[in-house]
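Novice: What follows is a single structure, and I will ask about it in a moment.
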Amino acid sequence: MELADRPMSTGTQLRLAAFLSIFAVIALWEIVASRRPLLVSKKERWFNNLGIILIDSLVLRILLQAGAVGIAMKAAEAKWGLFNYLSLPETISVVLAVLILDMVIYLQHLMFHATPILWRLHMVHHADMDLDLTTGLRFHPIEIIISMLIKMTVIAALGPPVSAVVIFEILLNGTAMFNHGNIRLPSALNRFLRWVVVTPDMHRVHHSVTIRETNSNFGFNLPWWDRLFGTYRDQPVAGHETMKLGLSQFRNSRNLILGRLLLLPFTGEPGHYSLKHIGGNPEKLRKRQSRIRTSNRNDIPASGSNLPDGVKTEEE
């Protein structure tokens with residue numbers, strides 16, 4: 540029986556089972572083979588990050604209950620979208636749909652960096668001073684709503700197989716946890732995998748405080764879009780062990796608790812991280828970043844851990 544013919548709860552059950560399984564595996568992996576020491580305690584970070592994830596889930600349940608799979612089922616029933624007018628084998632349709640949806644997520648990610656008002660929302664994701672599997676799911680509720688609306692619109696226009704959307708949703712959640720995971724991979728395996736999937740080392744570069752590195756490696760599932768569109772960066776200048784993560788204007792974990800994270804887009808300093816600042820006046824960028832560093836000079840994580848020294852955050 541096709542997924543399109545089953546109740547929507549079947550897709551939900553599959554995604555939930557996959558989510559819990561992947562979460563458990565990566566959480567254990569982070570304990571057994573972590574990549575970096577944490578600046579902020581896991582207890583503190585997980586309370587805030589999981590709190591946002593729970594709020595996001597509730598918001599989507601209330602406002603957009605059908606979600607991506609629901610709109611795919613509606614498109615299949617009503618014969619909406621491009622795929623319903625093409626006579627393609629099921630396997631080819633599924634592969635093409637997953638590829639297109641992944642490229643859309645890449646372009647959407649670029650948009651959230653390029654548009655100042657959207658960047659304010661996306662700061663909630665980037666402000667995390669550590670990186671682990673919960674960071675991959677930590678997004679402001681408004682960003683989650685916008686992201687889902689974009690996805691639903693694309694699905695309605697494409698009319699992809701329902702099975703493709705279920706597969707894509709599982710991949711997106713799974714790879715988001717994987718490539719944000721604080722996990723260590725053997726060097727040879729990492730070099731191979733980054734040709735077919737976004738690895739933790741590849742995506743960690745994107746979470747650097749260094750602007751040029753933040754605006755690179757936008758892919759979530761597949762690394763090909765970054766290579767194709769010229770946004771790929773192989774390694775961080777400071778190295779994975781000592782690079783600073785997060786945003787230079789948010790260096791105090793006391794300001795990154797759950798309630799303040801929800802207000803961050805409206806009260807926080809956006810800095811010069813959005814793509815619109817790349818190619819701007821370098822001297823202006825340096826002065827701006829210098830002011831941010833000075834204002835945060837005495838701010839340290841509540842856990843008392845030391846931040847790595849010598850990592851430049853301004854464009855050069």
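Quick note on this note's numbering: the sequence shown kicks off at 540 and runs consecutively.
Positions of the beta carbon are idealized from the N, C-alpha and C atoms, including for glycine.
As the structure is a prediction and not an experimental result, all values here were calculated from the model.
(1) Let me know the secondary structure DSSP gives Ile722 once reduced to three states.
(2) To the nearest angstrom, how far is it from the Cα of Val705 to the Cα of Arg575?
(3) Identify, in the order they occur along the chain, each residue of the same chain with its Cβ nearer than 8 Å to the Cβ of Ala615, setting aside the five sequence neighbours on each side.
(4) In terms of residues, what are the limits of the alpha helix (DSSP H) holding Thr630?
(5) Can you check the segment 686–754 for any alpha helix (DSSP H) of at least 4 residues that lies completely inside it and give the ranges in chain order?
(6) Taking the C-alpha atoms as reference points, what is the distance between His746 and Gly785?
(7) So if DSSP puts Leu784 in a beta bridge, which residue, or which two residues, is it bridged to?
(8) Do you know how far the Cα of Ala556 is from the Cα of Arg751?
(9) When the Cα of Ile639 is compared with those of Glu780, Asn760, Ser787, which residue comes out closest?
(10) Ala572 to Gly810, Cα distance in whole Å?
(11) Relative to the C-alpha of Arg772, which candidate in Leu627, Leu795, Thr806, Gly758 has its C-alpha closest?
(12) Taking the C-alpha atoms as reference points, what is the distance between Ile796 and Ile722?
(13) Does the Cβ of Val561 have 16 or more other Cβ atoms within 10 Å, making it buried, or fewer, making it exposed?
(14) I'd like to know whether the C-beta atoms of Met668 and Leu578 end up nearer to each other than 8 Å.
(15) Please report the straight-line C-alpha distance between Asp671 and Asn712, rounded to a whole angstrom.
(16) Would you mind sorting Lys783 into buried or exposed? The rule is 16 or more other CB atoms within 10 Å of its CB.
(17) Closer than 6 Å by C-beta to Leu814: which residues in its own chain qualify, once you throw out the five before and the five after it? Chain order, please.
(18) Tell me the start and end of each unbroken alpha helix (DSSP H) in the segment 571–613 that is at least 4 residues and wholly inside, in chain order.
Specialist: Reading from the atomic positions:
(1) As a working note, residue 722 is residue 183 in the sequence shown. In the structure shown, Ile722 sits in a strand (DSSP, three-state: E or B).
(2) As a working mapping, residue 705 is identified with position 166 in the sequence shown. As a working mapping, residue 575 is identified with position 36 in the sequence shown. Going from the Cα of Val705 to the Cα of Arg575 covers about 33 Å.
(3) The residue you call residue 615 lines up with position 76 of the sequence shown. So the qualifying residues of the chain are Ala543, Asn623, Gly698, Pro700, Val701.
(4) Within the sequence shown, numbered from 1, the residue matching residue 630 stands at position 91. It spans 629–653 - the alpha helix (DSSP H) in which Thr630 sits, taken as one unbroken run.
(5) 701–719, 726–732, 739–745, 750–753
(6) The count along the sequence shown starts at 1 and reaches residue 746 at position 207. The count along the sequence shown starts at 1 and reaches residue 785 at position 246. Spanning the two alpha carbons is a distance of roughly 6 Å.
(7) Here residue 784 refers to the residue found at position 245 when the sequence shown is read from its first residue. DSSP output for Leu784 lists Ser747 as bridge partner(s).
(8) Counted from its first residue, the sequence shown places residue 751 at position 212. Counted from its first residue, the sequence shown places residue 556 at position 17. Taking the straight line from one Cα to the other gives about 37 Å.
(9) The count along the sequence shown starts at 1 and reaches residue 639 at position 100. Here the closest residue by C-alpha is Asn760.
(10) Translated into the one-based positions of the sequence shown, residue 572 becomes position 33. Translated into the one-based positions of the sequence shown, residue 810 becomes position 271. Roughly 34 Å separates the two Cα atoms.
(11) The residue given as residue 772 occupies position 233 in the sequence shown. Comparing Cα-Cα distances from Arg772 to each of Leu627, Leu795, Thr806, Gly758, the minimum goes to Gly758.
(12) In the sequence shown, the residue the question calls residue 796 occupies position 257. In the sequence shown, the residue the question calls residue 722 occupies position 183. Rounded to whole angstroms, Ile796 to Ile722 spans 24 Å at the Cα level.
(13) Numbered from 1 along the sequence shown, position 22 holds the residue referred to as residue 561. For clarity, residue 561 is Ile in the given sequence; the question names Val instead. So Ile561 counts as buried.
(14) Here residue 668 refers to the residue found at position 129 of the sequence shown. Here residue 578 refers to the residue found at position 39 of the sequence shown. The answer is yes: Cβ separation under 8 Å.
(15) Here residue 671 refers to the residue found at position 132 when the sequence shown is read from its first residue. Here residue 712 refers to the residue found at position 173 when the sequence shown is read from its first residue. Cα-Cα distance, rounded: 14 Å.
(16) Numbered from 1 along the sequence shown, position 244 holds the residue referred to as residue 783. With 16 or more other Cβ atoms within 10 Å, it is buried.
(17) Numbered from 1 along the sequence shown, position 275 holds the residue referred to as residue 814. The answer, listed in chain order, is His652, Ala653, Asn754.
(18) 581–602
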